[in-house]
Amino acid sequence: MKNKKKLLGTVLAAALLLFGCGEEQSDLVEQEQVPISQEVNTPSEGFYYEWAGEKITPELAAEKGCIMMGDNGTGAAEWCDFLIDLAADATGEITICTDESVMQITESASGGTAVVQVKKKYSGRVISYGRIISPVEVCCVRNEESDTLDYYLSDVLINSMPAAGNDDLTDVPADFQCFRVSSDAAVTFPYQKHFSSFGDFESYYDLYHDSLGLDEVRQSMSGYNDDGGFNTHIVFLYGDMSASDQSYTFLRAVKENGTLTFYLKQQDHNSSGSVSKWQLLCSVPGEYLSDVAPDKVKWVVYDDRESRG
Numbered sequence: 002m003k004n005k006k007k008l009l010g011t012v013l014a015a016a017l018l019l020f021g022c023g024e025e026q027s028d029l030v031e032q033e034q035v036p037i038s039q040e041v042n043t044p045s046e047g048f049y050y051e052w053a054g055e056k057i058t059p060e061l062a063a064e065k066g067c068i069m070m071g072d073n074g075t076g077a078a079e080w081c082d083f084l085i086d087l088a089a090d091a092t093g094e095i096t097i098c099t100d101e102s103v104m105q106i107t108e109s110a111s112g113g114t115a116v117v118q119v120k121k122k123y124s125g126r127v128i129s130y131g132r133i134i135s136p137v138e139v140c141c142v143r144n145e146e147s148d149t150l151d152y153y154l155s156d157v158l159i160n161s162m163p164a165a166g167n168d169d170l171t172d173v174p175a176d177f178q179c180f181r182v183s184s185d186a187a188v189t190f191p192y193q194k195h196f197s198s199f200g201d202f203e204s205y206y207d208l209y210h211d212s213l214g215l216d217e218v219r220q221s222m223s224g225y226n227d228d229g230g231f232n233t234h235i236v237f238l239y240g241d242m243s244a245s246d247q248s249y250t251f252l253r254a255v256k257e258n259g260t261l262t263f264y265l266k267q268q269d270h271n272s273s274g275s276v277s278k279w280q281l282l283c284s285v286p287g288e289y290l291s292d293v294a295p296d297k298v299k300w301v302v303y304d305d306r307e308s309r310g
C-alpha cells in the first residue's frame, strides 16, 4: 500500500485537480447489527448444513468442495472464479471454512443481493446466523499488520489472502459525519459533491439550503474551517435517501488505481414507513488525492439485514 505523505503541496495539487473538473454525479447504490444467534439443527444438502462442530482441516474442506480462508494454494483458483462470477452474469456461490466455522455465500439470481450464512463453535455449541446484503460489492483492502489482502462484504470478513506485493490498494483515513435533512426536499437523490474550501460549501449551501435545510451541516463545516480542516483536507458529500430512519456507519475508504471508494452501511433497516434523506460527509487528507479525479470517486452504501430464513 502506498502511503506517501506530501502535505500542502499534494493538497494543493489535489484541490487543483478537483477544481479543474465539473461537478460529479453518482449512479451508485445504497447499509449491522450482529444477528441473534440460534441453535443449529437444520438438515439439508451441502457442507454448511452438514457441519456439526468438528474440527475442519484443509483436507476435509477440499473433500467437501469448500476452501479454507487464506488458502493461497488449491483454493485460490476457486476464490478467483467466485470473484469473477460476482462481477459477471453468473451467480456466485462459495463455502469458506476456518477450523471452527463455515461460511456460505450465495448471490441471488438477479445479482443484486447476497445471503451470507455462518455457523461457528461458540461456548461448546454450534450457533448460526445470516445476513442479507446488497449491493454485492466486495471490498478488498491491504492489511499492513498481517500483510494480507482482506476481502469484505459490508463489514463481514469473507476471506484474507496473502498479499502479492504488487497491489495498488490504499486504506485511506477519513472522518465521517451524517446529517438528516428535510424529507420533503425537491432534490434528486442520490448525488455527490466535493468541497475543497469553505467557499465551495457556501456555494452549495446557497443553492440547496431552502430545499434541504442545511443549517446543521453549515455549522459543522464552519467549525471545521475555523479549525483549519480545509487547509489539508477535501470534504466529499453524498446525498442519500432510504426507507429507514436509522443513521449510517462508516466502514472504510479505499483507493485503488486512482479510484477512491467510500464504503458505508445503515445501522439498521427497520422501515420507518417514510423516506429519509441524508447528507453523508467524509473528509480525506489531500495527500491521498493527487491522482483521484472527481469522476473516480464512488460511494457504496450497504443495505445489511439479518437473514430470517
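The numbering used here numbers the first residue of the sequence shown as 2 and each following residue consecutively.
Don't be surprised by glycine CBs; every beta carbon is placed ideally from N, CA and C.
| query | In chain order, what residues of the same chain have a beta carbon less than 7 Å from the beta carbon of Lys256, not counting five sequence neighbours either side? | reply | Only residues of its own chain outside the window of five on either side were considered, and among them Thr171, Val173, Tyr289, Val293 have a CB closer than 7 Å to the CB of Lys256, listed in chain order.
| request: Pair every Cβ in the stretch 116 to 132 with every Cβ in the stretch 46 to 63, then say whether three or more of these pairs are closer than 8 Å. | output: yes
| For Ala15, three-class secondary structure by DSSP | Confidence at Ala15 is low in this model, with a pLDDT of 44, below 50, so its placement is unreliable and the value that follows should be read with caution. Three-state result, Ala15: helix.
| message | Output needed for Ser212: all residues of its chain with C-beta closer than 8 Å, excluding positions within five of it in sequence on either side, in chain order. | response | Ser183, Ala186, Ala187, Val188
| Going by the CB atoms, is the gap between Leu281 and Cys179 shorter than 8 Å? | yes
| Own chain, CB closer than 6 Å to Tyr206, minus 5 neighbours either side, in chain order | Leu215, Arg219
| request: Indicate whether Leu238 and His195 have their beta-carbon atoms separated by less than 8 Å. | output: A contact, by the Cβ cut-off of 8 Å.
| field | Extent of the continuous beta strand (DSSP E) to which Phe177 belongs | value | Per DSSP, Phe177 is one residue of the beta strand (DSSP E) stretching across 176 to 182.
| query | Exposed or buried, Ser284, counting other C-beta atoms within 10 Å across all chains shown (16 or more means buried)? | reply | Ser284 comes out buried.
| said: Looking at the secondary structure, which residues open and close the beta strand (DSSP E) in which Asn314 lies? | reply: Nothing in the structure corresponds to residue 314, since the chain is present only between 2 and 310.
| task | Throw me the rounded Cβ distance for the Asn160 and Met70 pair, which I believe falls under 8 Å. | result | 6 Å
| message | In this structure, how does DSSP classify Ile147 when only helix, strand and coil are distinguished? | response | The question names Ile, but residue 147 is Ser in the sequence shown. It is coil, neither helix nor strand.
| request: In angstroms with no decimal places, state the Cα-to-Cα distance between Asp86 and Ile128. | output: 29 Å
| message | Using the Cβ count rule (16 or more neighbours within 10 Å means buried), how would you classify Arg181? | response | Result: exposed.
| query | If you run the structure through DSSP and keep just helix, strand and coil, what is Ser284? | reply | In the structure shown, Ser284 falls within a strand segment according to DSSP collapsed to helix, strand and coil.
| task | Could you check what DSSP says for Ile85 in three-state terms: helix, strand or coil? | result | DSSP, reduced to helix, strand and coil, places Ile85 within a helical segment of the structure shown.
| message | Taking the alpha carbon of Thr75 as the reference point, which residue from Ile97, Ile133, Ala91, Gly47 has its own alpha carbon closest? | response | Ile97
| query | Under three-state DSSP, which class holds Asp228? | reply | coil
| Apart from the five residues on each side of it in sequence, which residues of its chain come closer than 8 Å, Cβ to Cβ, to Gly113? | Taken in chain order, the residues that qualify are Ser135, Pro136, Val137.
| With 16 as the cutoff for other CB atoms within 10 Å, does Pro191 come out buried or exposed? | buried
| Under a three-way DSSP split, which group does Met222 fall into? | Helix.
| request: Could you tell me which of Val139, Asp82, Ala62, Arg132 sits nearest to Glu101, measuring between CA atoms? | output: For Glu101, the nearest C-alpha among the options comes from Ala62.
| Candidates Ser248, Phe177, Phe202, Thr149: which alpha carbon is nearest Lys278's? | Out of Ser248, Phe177, Phe202, Thr149, Ser248 has the C-alpha closest to the C-alpha of Lys278.
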